[in-house]
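Have a look at the structure below before the remarks.
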Amino acid sequence: MDEQAEEIFRELPEGLMVDQEEIRKRLMLLANGMSVAQYNSISPATMKRGLAKTLKPDAIVSEVTFKGEHHFPGYQYLGPGTRYKTRQALGIEPINDLDRIAMYHDSQYSRTGAKGAAGLPVIPIGRSSLRGVVDLGAGSAMMNAAYNPWSDLTWTDRGYAAGAGAVLIAQGALRLHPLTMAPMALLDALFY
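Next up, the structure:
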C-alpha cells in the first residue's frame, strides 16, 4: 500500500467500514492528482451523485477536475481534455442530455489513441481524420440539442451547446479538409 493510501486509512474514524468499491474509486482520485484533504472532504453520498458539489441551489460544479480538464460550469464531460476512461471507472454520470452527448464524443475520442483496436499503431493523419468525423457528428448533435424547441435544456445550456457544437464542427472540418489535414494532424500529435 502506498503512502497516500496509508494516510487515508489513518484519517478514517475508528470502526468505520468502507467497501472496496469506494476505496478503489477514492484511490483512483488520488492517482489522478486530487489532494488528500480534498479527498477526505468528499462524503460517500457526494461520490454517489457524481462527485458534484452544490455551491448554490441552481449551480453545481464538478467536484473532480483532473489536470488538463476544462469543463463548462456544472458539467462532468462538456469541455476539452476530459479523461473519459477515468471518469467512467469512477462511475461519474452525465448531468443532462448535452453532457451525455459530450460523454459519447469523449468515448469515441478515447478509441482514437496511439493504437487501434487491433493493437497496431495508428498514423497521426489517420487518427486526426477519424477525430474529424467524430467532431462533426458530436458538433451536429450538440447544435441539434441547442436549437431543438422540445429540448429540456435551459437557455444557458443551449448557449453552451451552440458554442461547443460550432467549435466541434469547425474543428472537424479543419481536420478533414485536404489543405489543413496535415497541420491538424501535427496539432493532434502535440496536444492529444
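If you read the sequence shown in my numbering, its first letter stands for residue 80, the second for the next number, and so on.
Virtual Cβ for every residue (Gly too), placed ideally from N, Cα, C.
Remember, it's a predicted structure, so these values are computed and weren't measured experimentally.
message = Helix, strand or coil, according to DSSP, for F151 in the structure here?
response = On the sequence shown, position 72 is the one that residue 151 refers to. DSSP places F151 in coil when its eight states are reduced to three.
message = Tell me the DSSP secondary structure of L157 in three-state form.
response = Counted from its first residue, the sequence shown places residue 157 at position 78. L157 falls in the coil class under three-state DSSP.
Where W39 falls: helix, strand or coil (DSSP) = Outside the modelled stretch of the chain, which goes from 80 to 271, sits residue 39, for which no answer is possible.
ask   = How big is the Cα-Cα spacing for A241 and I180?
value = On the sequence shown, position 162 is the one that residue 241 refers to. On the sequence shown, position 101 is the one that residue 180 refers to. Pairing A241 with I180, the inter-Cα distance amounts to about 13 Å.
key: Straight-line Cα distance separating A217 from E172   = Start at 1 with the first residue of the sequence shown, and residue 172 comes out as number 93. Start at 1 with the first residue of the sequence shown, and residue 217 comes out as number 138. Straight-line Cα distance between these residues: approximately 18 Å.
message = Just to check my reading of the structure: G158 and I174 have Cβ atoms closer than 8 Å, yes? What is that Cβ distance to the nearest angstrom?
response = Reading the sequence shown from its first residue, position 79 is the one you call residue 158. Reading the sequence shown from its first residue, position 95 is the one you call residue 174. With a Cβ gap of about 13 Å, G158 and I174 do not count as contacting.
key: Alpha carbon of R162 to alpha carbon of R190, nearest angstrom   = In the sequence shown, residue 162 corresponds to position 83, counting from 1. In the sequence shown, residue 190 corresponds to position 111, counting from 1. Approximately 12 Å, taken between the alpha carbons.
message = I need the DSSP call for H184, collapsed to helix, strand or coil.
response = The residue labelled residue 184 in the question sits at position 105 within the sequence shown. Helix at H184.
query = Under the three-state reduction of DSSP, which class applies to K135: helix, strand or coil?
reply = Counting from 1 along the sequence shown, the entry for residue 135 is found at position 56. Since pLDDT at K135 reaches only 41, below the 50 mark, its modelled position is unreliable, and no value is offered.
Cβ-heavy atom distance, D214 to the ligand MN, below 7 Å = For the structure depicted, the ligand MN is absent and the ligand set is empty, with no information on it obtainable.
ask   = Under 8 Å between the Cβ atoms of L232 and A220?
value = In the sequence shown, residue 232 corresponds to position 153, counting from 1. In the sequence shown, residue 220 corresponds to position 141, counting from 1. Cβ atoms of L232 and A220: not closer than 8 Å.
query = When the distance is taken between beta carbons, is I248 closer than 8 Å to L209?
reply = Against the sequence shown, residue 209 aligns to sequence position 130. Against the sequence shown, residue 248 aligns to sequence position 169. With contacts defined by Cβ atoms closer than 8 Å, L209 and I248 do not form a contacting pair.
message = According to DSSP, is I171 part of a helix, a strand, or is it coil?
response = Along the sequence shown, one-based indexing puts residue 171 at 92. Here I171 sits in coil by DSSP.
Where L209 sits in the DSSP three-state scheme = Within the sequence shown, numbered from 1, the residue matching residue 209 stands at position 130. L209 falls in the helix class under three-state DSSP.
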